[in-house]
Amino acid sequence: MREALWLGGFVLACYATWQFFRALRAPHPSASAPQAVPGREATRADTSADANADGVEDAFLDYAPLPAPQPSSAPAAPQSAAAGRENAQPDVFQLELDNSRLRQALQAQRDLVALQQGEIDRLVQDITVLQDELDRLREQPTASPEYSEAMVLAGQGLNAEMIASRCGITLAEAELVLSLARRGEGSA
218 MREALWLGGF VLACYATWQF FRALRAPHPS ASAPQAVPGR EATRADTSAD
268 ANADGVEDAF LDYAPLPAPQ PSSAPAAPQS AAAGRENAQP DVFQLELDNS
318 RLRQALQAQR DLVALQQGEI DRLVQDITVL QDELDRLREQ PTASPEYSEA
368 MVLAGQGLNA EMIASRCGIT LAEAELVLSL ARRGEGSA
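Okay, so the sequence shown: first residue is 218 according to the working numbering, each after it adds one.
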């Protein structure tokens with residue numbers, strides 16, 4: 218069942234990719250219908266000639282809505298202002314597109330920081346647990362209380378028989394404590 222779902226997802230992704238490339242290659246309505254603005258056709262022809270000369274086909278990026286043509290009865294100064302507005306329109310669109318991309322990148326960075334902060338919090342909790350465990354281990358006595366007096370006596374230089382008689386342990390245990398005390402003094 219899982220494989221069928223993966224296969225279905227793959228087929229949908231392939232179909233979406235195919236539709237995307239079909240949409241890129243489809244003729245745009247703005248390219249098929251001639252515009253009434255006289256300066257616009259020359260600019261578009263120059264732009265497409267420059268793009269074809271560079272070997273770059275970026276006509277699919279020109280999907281911004283075009284402004285309505287201005288009436289021809291207007292004086293020449295407003296026409297130059299309209300041409301400036303036409304030049305500014307793609308700039309505004311490009312700026313909005315860049316702004317959108319930057320917002321997406323910023324959101325991705327915020328998500329990454331939140332993920333890293335969660336990992337840091339988890340690691341701090343792990344360190345706290347380990348520190349508590351280490352403190353608990355340090356608080357535990359290092360030697361058995363039964364043999365701590367024997368270790369003190371061995372450190373004072375008493376022999377095994379005297380240690381056994383004073384602490385109430387067997388001679389073998391006293392010899393073991395004595396050898397441990399000597400080994401501890403040699404390493405210290």
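Beta carbons: idealized from backbone N, C-alpha and C, even for Gly.
### Task
Tell me, please, whether the CB atom of Ala-240 is closer than 8 Å to any CB atom in chain B?
Among the chains in the structure shown there is no chain B, since it carries only a single protein chain.
### Task
Starting from the C-beta of Ile-386, find all residues in its chain whose C-beta is less than 7 Å away, skip the five residues before and the five after it, and write them out in chain order.
To locate residue 386, count along the sequence shown from 1; it is residue 169. The residues are Ala-367.
### Message
How far does the alpha helix (DSSP H) with Ile-380 in it extend, from its first residue to its last?
### Response
Along the sequence shown, read from residue 1 onward, the residue named residue 380 stands at position 163. Annotation: the continuous alpha helix (DSSP H) that includes Ile-380 extends over 377–384.
### Query
Under the three-state reduction of DSSP, which class applies to Arg-400: helix, strand or coil?
The count along the sequence shown starts at 1 and reaches residue 400 at position 183. Arg-400: helix per DSSP, three-state reduction.
#### Entry: Pick from Gly-374, Cys-384, Tyr-232, Leu-351 that is closest to Tyr-364, judged by C-alpha positions
Within the sequence shown, numbered from 1, the residue matching residue 364 stands at position 147. The candidate whose alpha carbon is nearest that of Tyr-364 is Cys-384.
### Message
Please classify Val-394 as buried or exposed, where buried requires at least 16 other C-beta atoms within 10 Å of its C-beta.
### Response
Residue mapping note: residue 394 aligns to position 177 of the sequence shown, counting from 1. So Val-394 counts as buried.
### Selected residue, minimal CA-CA separation from Arg-399, among Val-369, Gln-324, Arg-327, Ser-382
Position 182 of the sequence shown holds residue 399. Measuring from the Cα of Arg-399, the nearest candidate turns out to be Val-369.
### Message
Could you compute how far the alpha carbon of Leu-323 sits from the alpha carbon of Ala-240?
### Response
In the sequence shown, residue 323 corresponds to position 106, counting from 1. In the sequence shown, residue 240 corresponds to position 23, counting from 1. Near 29 Å, if we compare the C-alpha coordinates of Ala-240 and Leu-323.
### Task
Go ahead and pull the three-state DSSP assignment for Ala-243.
By 1-based counting over the sequence shown, the position of residue 243 is 26. Here Ala-243 sits in coil by DSSP.
### Task
Look up Ala-250 in the DSSP assignment and say whether it is helix, strand or coil.
Position 33 of the sequence shown holds residue 250. Model confidence at Ala-250 stands at a pLDDT of 49, short of 50, so the residue's coordinates are unreliable; what they give is reported in the following sentence. If DSSP states are grouped into helix, strand and coil, Ala-250 belongs with coil.
### Query
Run through DSSP, which three-state label would Thr-387 get?
Along the sequence shown, one-based indexing puts residue 387 at 170. In the structure shown, Thr-387 falls within a coil segment according to DSSP collapsed to helix, strand and coil.
### Task
Just mark Ala-250 as buried or exposed, buried being the case when its beta carbon has 16 or more other beta carbons within 10 Å.
Reading the sequence shown from its first residue, position 33 is the one you call residue 250. Low confidence applies to Ala-250: its pLDDT is 49, below 50, so where it sits in the model is not reliable enough to give any reading.
### Query
So, helix, strand or coil for Gly-335, using DSSP?
Looking up residue 335 in the sequence shown gives position 118. Helix.
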